[in-house]
Ligand SMILES: Nc1nc2c(ncn2[C@@H]2O[C@H](COP(=O)(O)OP(=O)(O)O)[C@@H](O)[C@H]2O)c(=O)[nH]1
Ligand SMILES: [Mg+2]
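Numbering (the working numbering), first residue to last: 354 to 1020.
Written out as structure tokens, the structure reads:
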């Protein structure tokens, strides 16, 4: 151990501050790993004696550590797919990702979306196979299951030492040294147990072969049977991991602090420097200080915090940027925030009170605009109102901030229904956001299923005569119109036709008739907008004193209401084209879910770039989509997702039309 440490220290390299993101499916032990890493680096997150009450991580947590003299920012990301944007944002500012996985082949498929992100970005990563204490299948099987999900070759860095049911230590495949785990202490160097020796030899050979793929000199040695030195192996590993050519797989048990020092050292060796990451992102090394904001949060009395990475140069507290004056620079070395005077290249910090700055913003630089991931399309929506109307103004201000904190939330004020609709990645995502809102602003909120955008049309042409004649004291009101309303082709919209000849209705009143006719289509017999109708003014009469715009409007409205009711009105429901993506072992389930929601399956095909995944396309009524994501996830081990686009309006079946119209009216 001591020798190892001396070697690590003796390397003589000064590293710049680096950033790693801990990512992985829900519950694999990322937060536990963060705690273990911080403890190993001497900055424990919990005070001794404090009880461990772990909660679902719903936003990325930033922590700072110093390990063997190097400065690190660790981003503990949420695992639930509903918070995927937090992960994307964290990866955008990280040098390397640690993918925390479980040794359970059946759950490997959950890693596919994360591996895709890493592969697409060319981001280096290591896999930390956590819960190695609970390993009850062969490691080879685990590795094969993981490898099936990623294009990047996975290279085992350690083999477990097993004693009976338990994993009690590991052999490091680069140094070929064996260690025994010790609770709460660094692992102890031991002899390679004879029972592990054969495994170790084979895995060591596999490691060398993988490395030789990228190194001719190493290949020659391997072919000649000359053993490369550990130093040569480390060097090759570092190059290949940093280049994204391979990903090392490390073993451990975060809960027991096993394998944590080994992970730290792998990071120390293999994580690229910030300037290497900057180069990968195409950032010019020369120029004024450059930062990127990847997260925004409103932290009570501390006000707005903009979490950012420094890509170039350094920045002092109080400095004025185009976007405003920096009001505090924070680091998070433990449970508390620490104010610092200056942040430099590589640092990940929180900047105070940059009111004009949004998540994803590039700060400083010379007009550069760094790319930032687009939030995913929403899959779940809720209409929100305040329990007390007095809170409405407060709500709109609070929502503004909420959207700033989380760009994967979308807000829409529906003109047609008057609803405020919040959309996002699922029930958990929306409720976490609304809880935060309620707590931070003391708002009582009510959420309901948003209304569907039904429309109406007519199936029959109708002639309608309408007359207004009122005698009230002085001069009265008089207008008389003969209208024809008729259906038009789907998508043709509204049309007004004037067929008046010989001044039966004087010119000046015709615009009033046209206006009232169109207005009358805003709400048809079912209470929804009427589309694809024409209204023709055929004839009419007037009175030289009592006629007016008002009178003609009223007469037209009366006529329209009667005519629409007689013209075989039908309810039209919006039909969306839905594309569901899921592993192909669930394609049958997906089709069943869609059919159960009145969906018409159009077909399915392999999802491009996603081996083992299918895309199923279907036409599904919008009225059936509200909780589709919930059923889809429950039928696909949480992996199914969908996108939708409006396709067409379709006549609703009578019984359904009546039920839906009743439901909508009850809102
Ligand atoms: N057996 C075992 N359990 C672990 C280990 N690491 C974490 N856990 C448990 O797994 C659960 C989820 O851990 P957490 O860190 O919150 O997972 P996250 O969702 O990835 O952040 C917790 O109950 C942990 O105590 C481990 O190494 N071994
Ligand atoms: Mg967590």
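Ideal Cβ placement from N, Cα and C applies to all residues, glycine included. Quick caveat, the model's predicted, so the values are computed rather than measured.
Partner residues in the beta bridge of residue 416, as assigned by DSSP, are 427. In the DSSP assignment, residue 421 falls outside any alpha helix (DSSP H) and carries neither an H nor an E. One thing to note: residue 764 has its Cβ no nearer than 8 Å to the Cβ of residue 735.
Fully contained in the region 580-659 are the following beta strand (DSSP E) runs of length 3 or more, in chain order: 600-604 and 643-651. At a threshold of 7 Å, residue 383 counts as near ligand 2, since its beta carbon sits closer than that to one of the ligand's heavy atoms.
Annotation for residue 957: the continuous beta strand (DSSP E) segment containing it runs 953-959. By a beta-carbon distance limit of 8 Å, residue 931 contacts residue 971. Their separation comes to about 5 Å. Shortest gap from the CB of residue 410 to any heavy atom of ligand 2: under 7 Å. In terms of Cβ geometry, residue 581 and residue 528 do not form a close pair [threshold 8 Å]. Taking C-beta atoms as the reference points, residue 935 and residue 967 count as a pair closer than 8 Å. The region 705-714 and the region 649-665 touch, with three or more beta-carbon pairs separated by less than 8 Å. Short of 8 Å from the beta carbon of residue 923, and not among the five residues preceding or following it, lie these beta carbons of its own chain, in chain order: 809, 810, 811, 812, 1004, 1005 and 1010. With fewer than 16 other beta carbons inside 10 angstroms of its own, residue 948 counts as exposed. Secondary-structure assignment with DSSP links residue 800 through a beta bridge to 737. In terms of CA proximity to residue 911, 873 leads the group 920, 434, 881 and 873.
For residue 416, the closest of 606, 387, 625 and 409 by C-alpha to C-alpha distance is 387. DSSP places residue 691 in the uninterrupted beta strand (DSSP E) bounded by 691-693.
For residue 724, the closest C-alpha among the options 444, 423, 697 and 695 is that of 444. Taking the Cα positions, residue 547 is about 46 Å away from residue 439. Ligand 2 never approaches residue 991 closely enough for any of its heavy atoms to be under 7 Å from the residue's Cβ. Residue 448 carries a coil assignment under DSSP once its states are collapsed to helix, strand and coil.
Shown here for residue 394: same chain residues with a beta carbon closer than 8 Å to its own, the five before and five after excluded, namely 418, 419, 420, 425 and 617 in chain order. One alpha carbon belongs to residue 653, the other to residue 390, and they sit about 28 Å apart. If you check the C-beta of residue 606 against ligand 1, you find a heavy atom less than 7 Å away.
Look at the beta carbons and you see the region 498-518 touching the region 595-609: at least three pairs across the two are nearer than 8 Å. One Cα belongs to residue 974, the other to residue 950, and the distance between them is close to 8 Å. Distances taken from the Cβ of residue 432 to the heavy atoms of ligand 2 include one shorter than 7 Å. Judged by pairs of C-beta atoms under 8 Å, the region 784-799 touches the region 750-766, as three or more such pairs exist. When C-alpha distances from residue 422 are compared across 367, 524 and 411, the shortest belongs to 367. The secondary-structure analysis by DSSP pairs residue 540 with nothing; it has no beta-bridge partner. Its chain contains 736, 803 and 804 as the residues whose beta carbon lies nearer than 7 Å to that of residue 772, once the 5 sequence neighbours on both sides are disregarded; these appear in chain order. With a cutoff of 8 Å on beta-carbon distance, residue 828 and residue 898 are scored as near each other. If you look at residue 917, you'll find it isn't in any beta strand (DSSP E); it sits in the alpha helix (DSSP H) that goes 902-919. Between residue 505 and the set 481, 469, 824 and 441, the nearest pair of CA atoms involves 469. For residue 941, the secondary structure class from DSSP, reduced to helix, strand or coil, is helix.
The continuous stretches of beta strand (DSSP E) do not include residue 782, which lies in the alpha helix (DSSP H) extending over residues 780-794.
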